[in-house]
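J.: In our numbering, the protein residues as written are 7 to 358. Backbone N, C-alpha and C fix where the C-beta goes; we use that ideal spot for every residue, glycine too.
#1: Whose CA, out of 113, 74, 71 and 77, lies closest to the CA of residue 64?
#2: Output yes or no for whether 9 Å exceeds the beta carbon distance between residue 118 and residue 333.
#3: Do residue 223 and residue 172 come within 9 Å of each other at the CB atom, strictly closer than that value?
#4: Near residue 258, which residues of its chain fall below 6 Å by C-beta distance, leaving aside the five closest residues on each side in sequence?
#5: Please classify residue 107 as buried or exposed, where buried requires at least 16 neighbouring CB atoms within 10 angstroms.
#6: Hey, quick one: how far does the alpha helix (DSSP H) through residue 45 stretch, first residue to last?
#7: Could you spell out the range, first to last residue, of the beta strand (DSSP E) harbouring residue 52?
#8: Name the two residues that bound the continuous beta strand (DSSP E) containing residue 61.
#9: Helix, strand or coil for residue 195, going by three-state DSSP, please let me know.
#10: Quick one: measure Cβ to Cβ for residue 98 and residue 104, integer angstroms, because I've assumed they're closer than 8 Å.
#11: Touching or not, the stretch 289-306 and the stretch 318-328, by the rule of three or more beta carbon pairs under 8 Å?
#12: If I measure Cβ to Cβ from residue 195 and keep anything under 6 Å in the same chain, skipping five residues before and after, which residues do I get?
#13: Using 8 Å as the threshold, is the stretch 283-297 in touch with the stretch 49-58, meaning 3 or more CB pairs across them?
#14: Given a cut-off of 9 Å, decide if residue 198 and residue 179 are closer than it, judged by their beta-carbon atoms.
#15: Across the stretch 71-89 and the stretch 125-140, are there enough close Cβ pairs to call them in contact, namely three or more that are closer than 8 Å?
#16: At the level of alpha carbons, what is the spacing between residue 170 and residue 218?
#17: Please confirm whether residue 70 and residue 134 have their CB atoms less than 9 Å apart.
#18: Does DSSP classify residue 121 as helix, strand or coil?
#19: For residue 92, collect the residues of the same chain with a Cβ closer than 7 Å to its Cβ; drop the 5 residues on either side in sequence, then sort them by chain order.
#20: To test your reading of the DSSP string, which unbroken beta strand (DSSP E) runs of 3 or more residues are found completely within the stretch 256-314?
#21: With DSSP as the reference, please indicate the residues paired to residue 151 in a beta bridge.
#22: With DSSP collapsed to three states, give me the class of residue 172.
#23: Among all the DSSP beta bridges, which residues are the ones paired with residue 30?
#24: Mind checking which residues open and close the beta strand (DSSP E) that includes residue 98?
#25: Any idea what DSSP makes of residue 339, helix, strand or coil?
#26: Just the C-alpha distance for residue 124 and residue 303, rounded to the nearest angstrom, thanks.
#27: Where does the unbroken beta strand (DSSP E) through residue 182 begin, and where does it stop?
#28: Could you tell me the alpha carbon to alpha carbon distance between residue 33 and residue 314, rounded to whole angstroms?
#29: Tell me, which residues are paired with residue 135 by DSSP?
#30: Roughly how many angstroms separate the alpha carbons of residue 4 and residue 289, rounded to a whole number?
#31: May I have the straight-line CA-CA distance separating residue 221 from residue 160, to the nearest angstrom?
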């Protein structure tokens with residue numbers, strides 16, 4: 007039986023052979039376009055919609071793709087690293103199956119992905135989150151003095167929510183955008199709308215923030231003679247539950263590739279909300295690997311530019327190797343899979 011060290015060396019060699027292709031894939035202009043599964047099809051993966059599968063049976067490891075390749079969030083690097091990890095893993099596997107997808111079904115034993123960021127943490131804290139849609143209704147009368155301005159009401163909603171931020175629990179945040187602000191400057195708008203993104207350290211606190219935002223919006227609108235309707239826009243996404251068995255393995259492999267993780271910080275970081283939902287169903291990791299200094303926020307133009315830097319190339323190849331090494335360990339050692347699931351079950355019994 008091949009030793010872990012030999013298998014890891016073979017995995018690293020596969021990533022070295024793929025290095026130029028991975029970097030080229032990460033630099034392709036894409037934006038909101040979904041990652042291309044073509045390279046996996048060429049390698050023998052079976053493609054079904056947005057999912058690629060190689061092999062059959064258990065263990066089954068999923069490498070999670072982003073649904074886009076937006077450089078502002080480093081998703082171009084995530085997509086390239088996941089594709090590279092998948093190709094390297096299947097070339098060193100002896101049993102089990104590998105799935106590459108942007109969503110994971112119930113047959114999965116472990117979910118692996120990562121997020122480029124401004125810190126290197128083996129377990130990145132991802133908050134519970136949801137969105138609210140606030141619709142403000144006014145009245146367009148025959149004259150301005152007979153009208154109630156929905157946009158004015160919406161402005162007061164934003165003002166009230168801005169004041170609310172000072173009272174939010176630690177780790178909670180609210181951000182809003184205007185999605186409708188009238189049709190013409192010649193007419194007093196009778197309808198205005200905004201969406202607010204809410205996040206909190208856990209689902210219970212998130213529920214409290216939803217209540218606070220709803221009350222603030224309804225009260226602010228009423229003060230201007232308008233009416234606000236607040237409704238949830240999309241699902242509530244769970245707080246990410248790290249699996250330390252898997253994240254510890256990943257961190258050791260990342261260190262072997264030259265990047266060392268530090269203890270996770272307390273502040274929630276940007277990340278894909280579906281990862282939190284998956285983490286309460288199965289063992290998962292979502293580490294953060296630093297691409298830029300903390301001054302450059304994820305989601306900014308500066309961060310997008312950083313995805314083309316020499317540091318980005320280093321992060322891409324190191325994380326591809328670390329993901330592939332972790333996946334190959336799971337396929338080679340069913341006992342490691344059981345250990346991850348035992349930890350998952352124990353945490354579930356303790357309530358997360």
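T.: On the basis of the data shown:
#1: 113
#2: yes
#3: no
#4: none
#5: buried
#6: 44-48
#7: 52-54
#8: Looking at the DSSP string, the run of the beta strand (DSSP E) that includes residue 61 is 57-61.
#9: Of the three classes helix, strand and coil, the one that applies to residue 195 here is coil, per DSSP.
#10: That pair is no contact at about 11 Å.
#11: yes
#12: 156, 157 and 188
#13: no
#14: no
#15: no
#16: 8 Å
#17: no
#18: strand
#19: The answer, listed in chain order, is 46, 69, 104 and 106.
#20: 294-296
#21: According to DSSP, residue 151 bridges with nothing at all.
#22: helix
#23: Paired residue(s): none; residue 30 is not in a bridge.
#24: Neither: residue 98 is in no beta strand (DSSP E) and is coded neither H nor E.
#25: coil
#26: 7 Å
#27: For residue 182, the uninterrupted beta strand (DSSP E) segment begins and ends at 179-186.
#28: 7 Å
#29: 205 and 243
#30: Beyond the ends of the chain as shown, which are 7 and 358, falls residue 4; an answer cannot be given.
#31: 14 Å
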